Amino acid sequence: MIEEIAEPELTGGHAVIKMETCGICGSDVTAYRGSNPTMKYPIKGIGHEGIGTIIEIGANEKNLKAGDRVALEPYVPDFTCHMCKSGRYNNCANLRVRGVHTDGMMVEYISHPVQLIHKLPDGLDAVKAACIEPLTIGLHGATRAKVTKGEKVVIFGAGTIGLMAAFACLSYGAVPILVDVLQKRLDFAKEIGIPYTFNSEDGEIAAYLREVTAGKLPEAMIDCTGAPVILAEMHNYVCHGGRISLVGWPKQPVTINTVRCTQKEIDIYPSRNSANKFPESIELIYSGMVPVDKMITKTIELAETENVIRDMIENPSDYLKVVVKIN
Ligand SMILES: [Zn+2]
């Protein structure tokens, strides 16, 4: 069942947008499973990877107008706290993420702050554009880890976010090394251009990392799994003075070896959402530098969402990105 909703009223600083597509994220799947065990529609609560067309907007500094096709940043900050003032609005003290804390984007119309709306180039289709938000997560993770040109970066998790982080590293001129336990994901990563992949069931991770870095170990690590077994050993996966960004969400707090982290003076940077990355992400997808079309497992109609999410729960390794068509 799909619920009828009224078109929102235009309010100051906002635009009314007719939604066109929205990606399904791993967090939507867990939200759906956790918050709705009886699996009943409406699914109005989920979705934060939305693309749409402005249908109503007031005068604005960004020169956006009705008819513009746009990507929506889903992390709605208060625009006033100390984090917002420093540009880190992704980490606003009063953050409300659409599809998590407020209504999601898998609806026909939404009202959204103009500051969080980004115009798409002509010719960028709405299905590919649904990957803009997940790519910003990879870009932010790489930026938090201060990834720079020429460095080697080990990335844990070859799902959508791990792939996005790997392409973020490539776009910053670094060399990603992707680690997972699912060989088919690693084969796919290699096929689409990730230079180094390693199946951690094939041997010792640290030994492999030493081998491909001439004994030094990578300068940076991006964890996209939140797996306790990886985090407990993370000090072994970067060199002295290395940087680690934590993108994945563990299911509960995990133990890390702070003694070894101190002995190696490892910098740890938790990475939440993304900040100021939408324009960069749009350009990387539009230019084809990040082949998101290959990462889209399927495109579905809104009415199929429930069944597909059920299948994603049962067979998570069969899926990378699924994009829902809303119109
Ligand atoms: Zn704030």
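The sequence shown begins at 500 in the numbering used here and counts up by one. All C-beta atoms, glycine included, are put in the ideal place defined by N, C-alpha and C. None of these values were measured; they are calculated from a predicted model.
Out of the options, which one is the CA nearest neighbour of residue i?
| i | options | result |
| --- | --- | --- |
| R742 | Y574, K584, I693 and A641 | A641 |
| S780 | L685, K627 and K797 | K627 |
| E700 | E690, V711 and V678 | V678 |
| I616 | R759, I516 and L634 | I516 |
| L638 | A664, C524, I631 and Q762 | A664 |
| I480 | E519, S585 and Y574 | One cannot answer for residue 480 here, as it falls past the ends of the chain, which runs 500 to 826. |
| Q682 | H547, V599, A657 and W748 | A657 |
| T529 | K689, M811 and Y818 | M811 |
| K824 | N756, D624 and K750 | D624 |
| G549 | I609, I654 and V680 | I609 |
| V711 | T601, Y736 and G551 | Y736 |
| T510 | T552, G557 and G725 | G557 |
| G622 | V569, F666, S585 and Q762 | V569 |
| L571 | V646, N806, T635 and T761 | T635 |
| V807 | P507, G525, E506 and T757 | G525 |
| H734 | T798, T761 and P620 | T761 |
| E800 | E813, M605, C738 and P815 | M605 |
| G551 | P815, A706 and E607 | E607 |
| P620 | N814, P778 and T601 | P778 |
| N559 | I784, N814 and A514 | A514 |
| E782 | T601, K618 and H600 | K618 |
Where does the unbroken beta strand (DSSP E) through residue i begin, and where does it stop?
| i | result |
| --- | --- |
| H513 | H513 to I523 |
| S711 | The residue you asked about is not Ser; residue 711 is Val in the sequence shown. V711 -> not in any beta strand (DSSP E); alpha helix (DSSP H) instead, spanning I704 to V711. |
| H611 | Y608 to P612 |
| K797 | I795 to E800 |
| K564 | First-last for K564: undefined, no H or E at that position. |
| L677 | V674 to D679 |
Mind checking residue i: buried by the 16 CB within 10 Å criterion, or exposed?
| i | result |
| --- | --- |
| K651 | buried |
| V728 | exposed |
| R595 | exposed |
| R759 | exposed |
| T804 | buried |
| G702 | exposed |
| S773 | buried |
| P573 | buried |
| P576 | buried |
| E718 | buried |
| N589 | buried |
| G598 | buried |
| K776 | buried |
| H611 | buried |
| A688 | buried |
| G661 | buried |
| D567 | buried |
| A713 | exposed |
| A673 | buried |
| A565 | exposed |
| P536 | The pLDDT assigned to P536 is 38, lower than 50, so where the model puts this residue is not dependable; a value taken from the coordinates is nonetheless given after this. P536 is exposed by the Cβ-count criterion. |
What are the boundary residues of the alpha helix (DSSP H) that includes residue i?
| i | result |
| --- | --- |
| G687 | Note that residue 687 corresponds to Phe in the displayed sequence, not to Gly. From DSSP, the alpha helix (DSSP H) with F687 extends over Q682 to E690. |
| L783 | F777 to Y785 |
| A570 | Here A570 belongs to no alpha helix (DSSP H); instead the beta strand (DSSP E) covers R568 to L571. |
| T810 | Per the sequence shown, residue 810 should be read as Asp rather than Thr. Residues T804 to E813. |
| G640 | I631 to R643 |
Leaving out the 5 sequence neighbours to the left and right, which residues in its chain are closer than 8 Å to residue i when beta-carbon positions are compared?
| i | result |
| --- | --- |
| K820 | G522, I523, A629, C630, P633, T659, V791, M794, I795 and T796 |
| R709 | K715 and L716 |
| A592 | D577, C580, H581 and M582 |
| K750 | G725 |
Cutting at 6 Å between CB atoms, please list the residues of its own chain near residue i, excluding the five before and the five after it.
| i | result |
| --- | --- |
| S744 | G640, R643, A644, I721, Y768 and S770 |
| E690 | none |
| L730 | V753 and I755 |
| W748 | G725 |
| Y707 | F697 |
| E506 | Y608 |
I'd like the list of long-range same chain contacts for residue i, defined as Cβ closer than 7 Å, with 5 residues on each side in sequence excluded.
| i | result |
| --- | --- |
| M788 | S670 |
| L685 | A657, L677, D679, T696 and N698 |
| K539 | Only weak support exists for where K539 lies, its pLDDT of 41 falling under 50; the coordinates are left without a value. |
| H739 | K763 and E764 |
| V484 | Here the chain covers residues 500 to 826 and nothing more, so residue 484 does not appear. |
| G586 | A774 and N775 |
If you check the beta carbons only, do residue i and residue j fall under 8 Å apart?
| i | j | result |
| --- | --- | --- |
| K648 | V613 | no |
| H547 | G603 | yes |
| I704 | P675 | no |
| D527 | I545 | yes |
Using only the heavy atoms of ligand 2, determine whether one of them is closer than 7 Å to the beta carbon of residue i.
| i | result |
| --- | --- |
| M582 | In the structure shown, ligand 2 is absent; the only ligands present are ligand 1. |
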